[in-house]
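Colleague:
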Amino acid sequence: MSKFIVGLTGGIGSGKTTVTNIFAELGIDIIDADVAARIVVAPGSPALSAISEHFGADYLDAQGQLNRAKLRSRVFSAADDKAWLNALLHPLIRQELLAQLAKASSVYSVLVAPLLLENKLHKLVDRVLVINIDQESQIVRTLARDPSSSAEIKRIIASQMPSEQRLSFADDVINNQGVSMAKLRQQVIDLDQKYRVMANNPV
Numbered sequence: 031m032s033k034f035i036v037g038l039t040g041g042i043g044s045g046k047t048t049v050t051n052i053f054a055e056l057g058i059d060i061i062d063a064d065v066a067a068r069i070v071v072a073p074g075s076p077a078l079s080a081i082s083e084h085f086g087a088d089y090l091d092a093q094g095q096l097n098r099a100k101l102r103s104r105v106f107s108a109a110d111d112k113a114w115l116n117a118l119l120h121p122l123i124r125q126e127l128l129a130q131l132a133k134a135s136s137v138y139s140v141l142v143a144p145l146l147l148e149n150k151l152h153k154l155v156d157r158v159l160v161i162n163i164d165q166e167s168q169i170v171r172t173l174a175r176d177p178s179s180s181a182e183i184k185r186i187i188a189s190q191m192p193s194e195q196r197l198s199f200a201d202d203v204i205n206n207q208g209v210s211m212a213k214l215r216q217q218v219i220d221l222d223q224k225y226r227v228m229a230n231n232p233v
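Under my numbering, the first residue of the sequence shown is numbered 31, with each subsequent residue one higher.
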């Protein structure tokens with residue numbers, strides 16, 4: 031297990047995937063909460079059966095996979111449904127993340143989670159890294175990659191921790207507001223060098 035763990039977070043559309051891909055290119059193990067969330071609802075899993083039973087079989091697609099877009103629309107417009115789903119999935123996701131962290135072998139590892147702070151996953155990490163971007167850019171970037179409506183994206187943003195509060199937890203910040211890919215990459219490279227030193231020289 032990598033003894034030094036960096037927790038990476040940011041709002042929807044902030045560039046988490048782009049940044050984690052750069053860390054991966056630098057040889058760092060990435061443990062992704064979104065990947066863990068897919069694993070725990072894989073076809074045949076108890077969690078998927080529970081979701082199908084609770085919400086209805088029409089929340090599965092023709093291949094028996096969870097229709098994530100349909101479920102997301104439902105839970106972000108119904109607080110009770112969201113609470114039920116979170117109570118089911120969050121403990122399973124946490125268990126999966128811990129299992130993956132235990133297997134990490136790079137000099138440090140990155141735990142990436144949109145709800146790192148909301149779900150108290152930051153208690154598992156040594157540093158909190160926040161990717162910062164304004165709300166208008168979040169909406170534009172998410173619309174460009176996602177079939178969601180602007181209204182739905184705004185609901186998701188509203189459900190996440192406000193930017194100012196998220197930044198108050200940050201040990202490090204990546205600015206992704208209107209920066210070039212080269213400048214974004216350089217920010218990650220600089221942090222990678224910093225984290226390697228910290229991982230090799232624990233306090």
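Glycine residues also receive a C-beta, built at the ideal position from the N, C-alpha and C atoms. Owing to the predicted nature of the structure, the values given are computational and were not obtained by experimental measurement.
Would you identify the three-state DSSP class for D91, choosing helix, strand or coil?
Modeller: If DSSP states are grouped into helix, strand and coil, D91 belongs with coil.
Colleague: Are the CB atoms of N162 and G86 within a distance shorter than 8 Å?
Modeller: No; because the gap between Cβ atoms is not below 8 Å, this pair is not in contact.
Colleague: Any idea if N206 is buried or exposed, counting beta-carbon neighbours within 10 angstroms, 16 or more meaning buried?
Modeller: Buried is the call here.
Colleague: Going by DSSP, what residue range makes up the alpha helix (DSSP H) through D110?
Modeller: D110 -> alpha helix (DSSP H) spans 109 to 133.
Colleague: Keeping to the same chain, check which residues put their C-beta closer than 6 Å to that of K213; ignore five residues upstream and five downstream.
Modeller: Contacts found: none.
Colleague: Note down, in chain order, each residue of its chain lying with its Cβ closer than 7 Å to the Cβ of M31, except the 5 sequence neighbours on either side.
Modeller: Residue confidence is low: M31 scores 48 on pLDDT, short of 50, so the model does not pin down where it sits. Its coordinate-derived value is still stated next. For M31, where only same-chain residues beyond five positions count, the Cβ hits under 7 Å are L131, A132, A134.
Colleague: What residue from L122, A54, F53 has the CA that sits closest to A80's CA?
Modeller: Of the listed residues, the one whose Cα sits closest to A80 is L122.
Colleague: For L146, name the three-state secondary structure that DSSP assigns.
Modeller: Coil.
Colleague: Below 8 Å CB to CB, which residues in the same chain sit around D201 once its five sequence neighbours on both sides are set aside?
Modeller: So the list reads R157, V158, L159, once near-sequence residues are dropped.
Colleague: Assuming E148 contacts M191 under a Cβ cut-off of 8 Å, what Cβ separation, rounded to an integer in Å, is found between them?
Modeller: At roughly 6 Å, the Cβ-Cβ gap stays under 8 Å, so E148 and M191 are in contact.
Colleague: Which stretch, first to last residue, makes up the alpha helix (DSSP H) that contains I42?
Modeller: Counting along the chain, I42 falls outside any alpha helix (DSSP H), and DSSP gives it neither H nor E.
Colleague: Name, in chain order, the residues that DSSP records as bridge partners for N162.
Modeller: Answer is N205, bridged to N162.
Colleague: Decide if the stretch 44 to 53 is in contact with the stretch 135 to 143; the criterion is three or more beta carbon pairs, one per stretch, under 8 Å apart.
Modeller: Contact between the stretch 44 to 53 and the stretch 135 to 143 is present, because at least three Cβ pairs lie under 8 Å.
Colleague: How would you label A181, buried or exposed, when you count the other beta carbons within 10 angstroms and need 16 or more for buried?
Modeller: Under this definition A181 is an exposed residue.
Colleague: Taking only the alpha-carbon atoms, compute the straight-line gap between D88 and K224 and give it to the nearest angstrom.
Modeller: So the two alpha carbons sit approximately 48 Å from each other.
Colleague: Helix, strand or coil for M31 per DSSP?
Modeller: For M31, the predicted model reports a pLDDT of 48, less than 50, meaning its position is unreliable; a value from the coordinates is still stated below. Note: M31 maps to coil in three-state DSSP.
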